[in-house]
Structures are given as structure tokens and as C-alpha cells.
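Residue numbers (the working numbering), protein chains in the order written: chain A, 86 to 268; chain B, 12 to 127.
Report on the following structure.
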């Protein structure tokens, strides 16, 4: 699959690209983490997070494909940064001195934010929702897919139906949060 | 545009410069509006987090071994190459045979004469 095709699929909310990126890049990431005092499980976790970061950066146009850029290189750079962060955390925990390797990238990995109680209630409410509501909320608010494309992907009659469904799902989510979150 | 829609467009970064300055005034002047904005912001953060968890879950379920790709080789190719190779061998031998034969006869005659 070509890089251009992967970007197109991500922007249309199609997850086919996930499998491809995961299967074809995981072995080299595992290799890197293994040689840098990590386990296979840690490698998988780092790579899953890296794909999420990449996914979000594509959606927010923070990653733009040029003649000189390759998705696999970008993904590897994200993994290196995530793993360096993890090693730093481990060193802090064991009071060891950790020397940062020279950072060869400009990709900034945002610090993990701890969710507030209300934000956690939102997550719990979404997890309880049906698949179609969950999908439409993810596609519209996070993947920023157009309502016309959402209608096509989800087999809805047209854009207006998708719009109404998105609105109803959002209201249902709001209601659930208001009911389950107490100040 | 009602408040809900205004807040949604604000949080998704879709407001024009003019709308942006309007909403900023409203945030300062109206505490109820400000609380509604914070509520919707939390909802979007929650949707984002659930999307992150969903993507990671999907990735965890992908079998990480690369698929074995079977090459579909046309068996006729082997047959064609076999025939071509046989013809080449036959032609080569038929050209070289008389020369080899002559060389062997000369050699055997020499050998014969030596023995004699």
C-alpha cells in the first residue's frame, strides 16, 4: 500500500490502513525496543500509541506527506521518542541516571494528561453506547470525517440522516454524563 | 447559531476571526455559558480518549505476524524454459559433435601409433 493511499484512507475514516501499518512496521520497532532494554510487550504498546499519535497528526494536518517524507520513518521516529520518554520514566523510578540520546526528530509527543473525573465519566458513557453511536461520534468529532462520507461509510441514506444521528448520539452522551457525574 | 453550535464550532476550531472575538467576550461575561463550554470541552476530551482506547484495542487484536504471500507461478513457464533449454543443448551438441569426434579420432590414431 502506498503512503498516499494510507493518508487518503485515514482521512476518510477507513481503518484498513491500521492493519497494514501495524503488520509491516512492528518487526523493526520490536527490534529497536529489544536492543534498547525493552520487551516485546513494551514494543507493542509503544507502537500502538505511536500509530494513534500518527493517526491524530494526519487528521489534524500536522503530518503532511512530501517527496522527502515516509510514513514508516515518521512512525519510527515517534516510537523512538515514546520509548525515550518511557526509559526516562523508568530511570526516575529506579533513581538511575538516564542520559537522553540525541533526539533526531522534531516530533513532540504531548505529555499524557490525567483525565478529570468528569472526563472519565464521558469515557465510561461512550463505552456503554451502541457501536453506531460510538462510531459516528468518533468519526465526526475526532477523525473529522465529513457527514457525507460518514453516511457513505455507515450505510446511512444521506448526509442529513448522518447529521440527525450525530446530534441525537451527542445529546444521549450529554444526558448520560449529567446523570452520572456529581460535583 | 445557538450556544451549543457556537461552542462546538469553537472547540473544533471552526470559528471565523469575528466569531472568535464574540465568543471570547461571551466567555468573560457569562458564567453559565463558560460552564457549558467547559462541559462540552470535557465531552470532546472524553470522546478523544475513547477513540484512542478503541484504536489501541483494534491494534492489539491484529495478528502481528506478516501474512505469507504465495507466489502464483505459471507452470507453463517451466515447460517453455525446459523446451528452450533442450533445443539449445541439442543444437550445441550437433554443432560441436563432428569437431569432438574428429579430435577423438586423431587422438586415438596418435595413441595407436604410439602403442605400435
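Glycine included, each C-beta is placed from N, C-alpha and C at the ideal position.
Predicted, not measured: the structure shown is a model, and the values here were computed from it.
Mind listing, in chain order, the continuous alpha helix (DSSP H) runs of no fewer than 4 residues lying wholly within the region 200-248 of chain A?
-> 202-213, 216-222 and 232-239
Helix, strand or coil at residue 53 of chain B according to DSSP, with G and I counted as helix | Along the second chain, read from residue 1 onward, the residue named residue 53 of chain B stands at position 42. Of the three classes helix, strand and coil, the one that applies to residue 53 of chain B here is helix, per DSSP.
If contact means a Cβ-Cβ distance below 7 Å, which residues of the region 25-55 of chain B contact chain A?
-> 53, 54 and 55
Contacting residues, own chain, Cβ-Cβ under 7 Å from residue 148 of chain A (five flanking each side not counted) = Working through the first chain from its first residue, we reach residue 148 of chain A at position 63. Around residue 148 of chain A: 139, 142 and 159.
Contact residues within the region 91-103 of chain A, judged by C-beta distance below 8 Å to chain B | 100 and 103
If you draw a straight line from the alpha carbon of residue 99 of chain A to that of residue 107 of chain A, how long is it in whole angstroms?
-> The count along the first chain starts at 1 and reaches residue 99 of chain A at position 14. The count along the first chain starts at 1 and reaches residue 107 of chain A at position 22. Distance between the alpha carbons of residue 99 of chain A and residue 107 of chain A is about 15 Å.
Excluding the five sequence neighbours on either side, which residues of its own chain have a C-beta within less than 8 Å of the C-beta of residue 124 of chain A, listed in chain order?
-> Walking along the first chain from the start, residue 124 of chain A turns up at place 39. So the list reads 118, once near-sequence residues are dropped.
Is residue 73 of chain B helix, strand or coil when you go by DSSP?
-> Walking along the second chain from the start, residue 73 of chain B turns up at place 62. Residue 73 of chain B carries a coil assignment under DSSP once its states are collapsed to helix, strand and coil.
Helix, strand or coil at residue 148 of chain A [DSSP, three-state] | As a position in the first chain, residue 148 of chain A is number 63, starting the count at 1. Residue state, collapsed to three classes: coil.
Can a CB atom of chain B be found closer than 8 Å to the CB of residue 230 of chain A?
-> For this step, residue 230 of chain A is matched to residue 145 along the first chain. Residue 230 of chain A does not count as touching chain B.
Assumed close pair residue 17 of chain B, residue 55 of chain B - CB separation to whole angstroms, cut-off 8 Å = By one-based count along the second chain, residue 17 of chain B stands at place 6. By one-based count along the second chain, residue 55 of chain B stands at place 44. That pair is no contact at about 14 Å.
Ignore the nearest five residues each way along the sequence and tell me which others in residue 110 of chain A's own chain have a CB closer than 6 Å to its CB.
-> For the purposes of this step, residue 110 of chain A is taken as the residue at position 25 of the first chain. Closer than 6 Å at Cβ, skipping near neighbours: 157 and 160.
Roughly how many angstroms lie between the CA atoms of residue 102 of chain B and residue 91 of chain B, to the nearest whole one?
-> Counting from 1 along the second chain, the entry for residue 102 of chain B is found at position 91. Counting from 1 along the second chain, the entry for residue 91 of chain B is found at position 80. Roughly 17 Å between the two C-alpha positions.
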